[in-house]
Structure formats: C-alpha cells, structure tokens
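To keep things clear, I will list the structure first and then write my remarks on it.
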Amino acid sequence: MNSQWKDIVGHKELIGRLQAMQMEERIPHAMLFCGAEGVGKTLVAEALAAALLCHEPDHGQCCGRCPACLALKAGTHPDYFLLQPESSGKAAKSIKIEAVRELQAGIARVPLLSSRRVVIIQEAEKMNEAAANCLLKTIEEPEGQAVFILLTSAPAALLDTIISRCMRVEFGILQLDELQEVLCRQGLDRQEAQRLAAVADGSAARAMAIREPEVQELHQKAFQLAERAGRLPVEEMLQLAKDMSGCSREQLIQWLGFLAMLYRDLLVLYSGGGLPLYNQPDVQRLSPLLAKYPQHSLLALLRLVQEYQKRLRSNVNLQLCLEGFFIKLENLMQ
C-alpha cells in the first residue's frame, strides 16, 4: 500500500490542499474522490489514510515508522477498512448490502491502534440501492472518529443523498509527461511509455491494459467493426453479438471505448485542428474511413457508444444488449 505523498505523480495542487487540511485537522468525515479510472485516486486515498492513521504525522504525511504505519504496510491495521465490488460468474461487479453491514460491524468498535478509523470504498458507484441506503445511514451518523473516502469514476450513478454528505474532490487526468513518468516507474522503457501514454487518455491503468494481448485484440475488433459498419447483414450482426457476448462486461466496455476513440479521431481529422490522435500509428488505416462517416453521424455514434457503455454496467443480458447496439449502429450508418 502506498503511503507517501511524495511518491505520487501529478495532482500536486490537490495533494497540497489535502495535506494542509490534514495538518489543520479539517478533514471531513466523508469525502468523494471523483475522476477517470487510473488517474491516481486510489494512491491519493491510501496516502491520506496513512496520514490519518499515523501516530506521528509530519507535515500532513505519515512517518512510516510508528506501529500504525508498520501495521498498514503489513496489511494488518485493525482500524483500516477497504470495501470494493465483487462479482460471481458474468454478473456485473457490485457492492452488496451484506458487505456494508459487515463494514458497519467492523467500525462500530472502538479504534484499536489509531485515534480513528478510515474506510476506503473503491468504485462506490457500484453499490446496489440497498447497500447505498445502508451506507448512507452510517455516513449520516458515524460512530466515533471515522473517515470515509469514496472513490468513483461515475458520480452520477451515486445517490444524491450520498453525494450531498461528502466533500467532493475532483481529479483531472494525468498530463502526458506525468503519465509517461508513471509508466517508466512501472518498468516500461521511455519509448514504450511515450507510445502508450499517447493513446491512454491520461489513465495509467488504461495504458498498462493496452499492452495485454487480449486488450489489443479488442482494439482490433473495434477497428474491424468501424471498417465493416454500414454493410453488416442481420445474420452477421446476430452472430457477432453471440460471439462477443463471451467477453466480460469490463472487456465489452473497453471495446466500446476503443470504438469511441476511433470516432473521436475521425472528428479530429475532419476538423484539421492538429490535435493528437489516439490511433496515430494506424492513421493510414483510419483516414479512408472519412469517406464512410459523415461528421454528423460520428456525433450520434459517440452518443450511442456512451449509452451502451452505461447499459453494460448494469445486469443486462449481454447478447441481447449487443444485438440492440449493432442494429442501432447500422441504422445510424444508413
């Protein structure tokens, strides 16, 4: 677990504000960290948790030596709680009410090692309604000294009542040079880091995922669909939906993300504005698509992709969802 502010790349102004709040003991009992996936929300939350639990924090940063810091590093701190989505089979990941009730039981006791308890909730938007309402009561009426840090890349999916009870902290994407530095720290050479940073849209998690063969295959499938769209017979659409329904929800959302990048690149080429392209290495393959996609259809296609990414985050039938997507895609191409 990361515990040092100085080891975090980017978000310097935001980190400075949190450090100042920690030193002045102004950290609220509930915070909502909002921002795209893979930009560093978890690292910042962990560093803040370490500072809050430390026995001898120094300028808003944990000392790294006290019993609380050593227990946190070992993963045995009794006053630190982590809640994250779980799934079984192909069901969408979610945080269920049973997990929240277990958390409530854990934080009901008196702190054992530090002066307070800290709870980090990953992907808070994936709480089901029952879990969210259960957590709301805990946030409204916390027992003793407890700090809740909720992390989300989709704040609109949270209950308004939860949002209103948290101090909202907005995370921007990592700048290109910052993302390159993060990737180099993870063992990539400078050239590879530059290549991945250019297509990762400010997200270190997305950059590392792109290196995986199965993710590269999803990227190729997005390109192939962009090239074939507009002339897919119904039988082929249904077969494609059946084949791709074997992917996980996360993979399908990522595949749609690659499709959105292609559409965005085509809009950039239309504008002639000289903005960097996500698919710059494949620009020779991308340019011929301009004759196929009118500019107005690209905007409609981007909205369609966003709609179906949202649908895939719920427990829809994957094959039926994909069939609907392909039919609407073909209609927009007519």
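Under this note's numbering, the first residue of the sequence shown is numbered 19, with each subsequent residue one higher.
Glycine is no exception: its CB is placed at the ideal position from the N, C-alpha and C atoms.
Top-ranked residue by Cα proximity to residue i, from the options
i, options, result
"Leu71", "Ser132, Gly56, Ser289, Leu169", "Ser132"
"Leu236", "Lys144, Leu270, Ile138, Glu143", "Leu270"
"Gln209", "Met279, Gln122, Leu197", "Leu197"
"Arg229", "Leu243, Glu245, Gln212", "Gln212"
"Asp97", "Glu104, Val137, Lys111", "Val137"
"Ala54", "Gln22, Leu206, Lys91, Ala174", "Ala174"
"Ala259", "Asn335, Met39, Leu50", "Asn335"
"Phe166", "His29, Pro46, Gly190, Cys339", "Pro46"
"Val233", "Glu268, Glu341, Gln327, Pro294", "Glu268"
"Pro75", "Gln40, Leu192, Lys310", "Gln40"
"Lys239", "Phe276, Ser182, Ala38, Ala148", "Phe276"
"Phe241", "Glu188, Arg203, Ser305", "Ser305"
"Glu348", "Leu243, Ala309, Arg331, Gln257", "Leu243"
"Met279", "Ala149, Asn333, Leu320, Gly248", "Leu320"
"Lys346", "Val252, Ser332, Asp300", "Val252"
"Cys202", "Ala222, Ile125, Val187", "Ala222"
Beta-carbon contacts of residue i that lie in its chain and below 6 Å, excluding the five residues immediately before and after
i, result
"Val217", "Tyr296"
"Leu194", "Ala215"
"Arg224", "Gly56, Ala218"
"Leu153", "Val118"
"Phe343", "Tyr326"
"Lys59", "Phe51, Gly53, Leu169, Phe189"
"Gly82", "none"
Three-state secondary structure assigned by DSSP to residue i
i, result
"Ser112", "strand"
"Leu168", "strand"
"Gln40", "helix"
"Asp76", "strand"
"Glu143", "helix"
"Glu159", "coil"
"Glu104", "strand"
"Glu245", "helix"
"Asn151", "helix"
"Arg127", "coil"
"Pro294", "coil"
"Gln193", "coil"
"Ile33", "helix"
"Glu120", "helix"
"Lys310", "coil"
"Cys356", "The displayed coordinates of the chain run from 19 to 352. Any statement about residue 356 would go beyond what the structure contains."
"Ala218", "coil"
"His95", "coil"
Residue i - containing beta strand (DSSP E), residue span
i, result
"Arg135", "135-139"
"Leu100", "98-101"
"Arg186", "185-188"
"Ala48", "48-52"
Extent of the continuous alpha helix (DSSP H) to which residue i belongs
i, result
"Cys87", "85-92"
"Gln313", "313-330"
"Tyr281", "267-289"
"Gln22", "First-last for Gln22: undefined, no H or E at that position."
"Lys59", "59-71"
"Ser182", "178-182"
"Asn349", "336-351"
"Leu206", "Per DSSP, Leu206 belongs to no alpha helix (DSSP H) and is neither H nor E."
"Leu256", "252-262"
"Leu304", "301-304"
"Ile228", "222-228"
Counted within 10 angstroms of its Cβ, other Cβ atoms place residue i as buried (16 or more) or exposed
i, result
"Gln272", "buried"
"Met185", "exposed"
"Gly10", "The structure shown has nothing for residue 10, since the chain only spans 19 to 352."
"Leu293", "exposed"
"His29", "buried"
"Asp283", "buried"
"Thr94", "exposed"
"Arg135", "buried"
"Gly290", "exposed"
"Leu338", "exposed"
Cutoff 7 Å; reference residue i; Cβ partners in own chain excluding five residues on either side
i, result
"Ala65", "Asn20, Ser21, Gln22, Trp23, Ile26"
"Gln298", "Ala216"
Cβ neighbours of residue i in the same chain (closer than 8 Å, five flanking residues each side left out)
i, result
"Thr170", "Leu50, Phe51, Cys52, Glu141, Ala142, Glu143, Leu176"
"Ile157", "His47, Ala48, Phe166, Ile180, Arg183, Cys184"
Distance cut-off 7 Å: residue i Cβ against heavy atoms of the ligand ADP
i, result
"Ala126", "No copy of the ligand ADP appears in this structure; indeed no ligand is present at all."
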